[in-house]
Amino acid sequence: MANDTILAMFSGGIDSTGVLHQLFTHPDFADNPVIIHHVILQNRENRAAAELQAVEQIVKYYAQTFPDREYLYTDCVFNTMGFAPLNSTRFPFDMDVCAFIAGNICVARKDIKQVAMGRTSTDLASGGENFKQRMARAQQVFQAVHSLEQEAVPEYIFPVVEMSKEEIWQMLPDPVKESSWYCRHPRYLESGIAVTCKQCQTCKEVAEFL
Ligand SMILES: [Zn+2]
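Per our numbering, the sequence shown starts with residue 2, numbered consecutively.
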């Protein structure tokens, strides 16, 4: 509904950038205030610095391009490096962490009625049963956080679920494309600049249409 706040969980990657683009540009969302939340995931994949830079640049782009759009940017740090350092094989799934944090933001902010997630047709096509199971578990985490609340649980919405990763990429403005971060295992040059690994699944998917 108009005027209800939408929470956008934003990683700085292509999919959630597509969501942010829709929330800022699509008439359906014009009257909904937006809370953009980035979870700074300090884990063995070592993406936090690259992602945070992408997030800051992209949010700045949309804020400057749409100065009348009502939004609030927040972030938090989820650091698992102590118990799951760089060479560990098990660590919390991003989806579960985001569901837990999204749930707690919704509990704190009763104006939020919807949580926008960057699921795409590419995820559904390539992720298979494994992806569906992970999605279902993340939903359970989100629901569990609300188990003591009186109000209706906010719903997940998927503003780019009809689109493939490539279609999202084509939709994004050039400065946003240049700022987005998609690689799961970046390397960092001595200068601190992140470079893509060209090996992970997302790097391979993106290489097909770049
Ligand atoms: Zn990569």
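We put the CB at the ideal spot given by N, CA and C, even for glycine.
The structure presented is a predicted model; accordingly, all values stated were derived computationally and were not measured.
Following the continuous beta strand (DSSP E) through residue i, name the residue where it begins and the one where it ends.
| i | result |
| --- | --- |
| residue 114 | 113-117 |
| residue 248 | Lying before the first or after the last residue shown, residue 248 is absent from the chain, which here runs from 2 to 211. |
| residue 8 | 6-10 |
Could you pull the DSSP bridge partners for residue i from this structure?
| i | result |
| --- | --- |
| residue 188 | 196 |
| residue 80 | 43 |
| residue 74 | 37 |
| residue 157 | 116 |
Which first and last residues belong to the alpha helix (DSSP H) in which residue i is found?
| i | result |
| --- | --- |
| residue 131 | 122-146 |
| residue 164 | Unbroken run through residue 164: none, as it is neither H nor E. |
| residue 22 | 15-26 |
| residue 203 | 202-210 |
| residue 95 | 95-109 |
| residue 181 | Residue 181 -> no alpha helix (DSSP H), and no H or E assigned at all. |
By Cβ distance, which residues of its chain are closer than 8 Å to residue i, with the 5 residues on each side in sequence left out?
| i | result |
| --- | --- |
| residue 32 | 3 and 4 |
| residue 98 | 40, 42 and 79 |
Beta-carbon within less than 6 Å of residue i's beta-carbon, same chain only, minus the 5 sequence neighbours each way: which residues are those?
| i | result |
| --- | --- |
| residue 197 | 184 and 204 |
| residue 73 | 36 |
| residue 44 | 81 and 92 |
| residue 7 | 33, 35, 115 and 117 |
Got a sec: is the Cβ-Cβ distance from residue i to anything in chain B below 8 Å?
| i | result |
| --- | --- |
| residue 19 | Absence of chain B from the displayed structure is noted, only one protein chain being present. |
Between residue i and the rest of its own chain, which residues show a CB-CB distance below 7 Å, the 5 nearest in sequence each way excluded?
| i | result |
| --- | --- |
| residue 190 | 196 |
| residue 23 | 30, 160 and 161 |
| residue 154 | 144 and 147 |
### the segment 181-190 touching the segment 7-24, judged by at least three CB pairs closer than 8 Å
yes
### Query
Are at least three pairs of beta-carbons, each pair with one atom in the segment 40-52 and one in the segment 73-80, less than 8 Å apart?
yes
### Query
Three or more beta-carbon pairs under 8 Å between the segment 107-122 and the segment 149-167, yes or no?
At 8 Å Cβ cutoff, the stretches touch.
### Query
Do the segment 138-153 and the segment 21-30 make contact, defined as three or more Cβ pairs closer than 8 Å?
no
### Task
Would you check if the segment 95-112 and the segment 144-153 touch, i.e. whether three or more CB-CB distances between them fall below 8 Å?
yes
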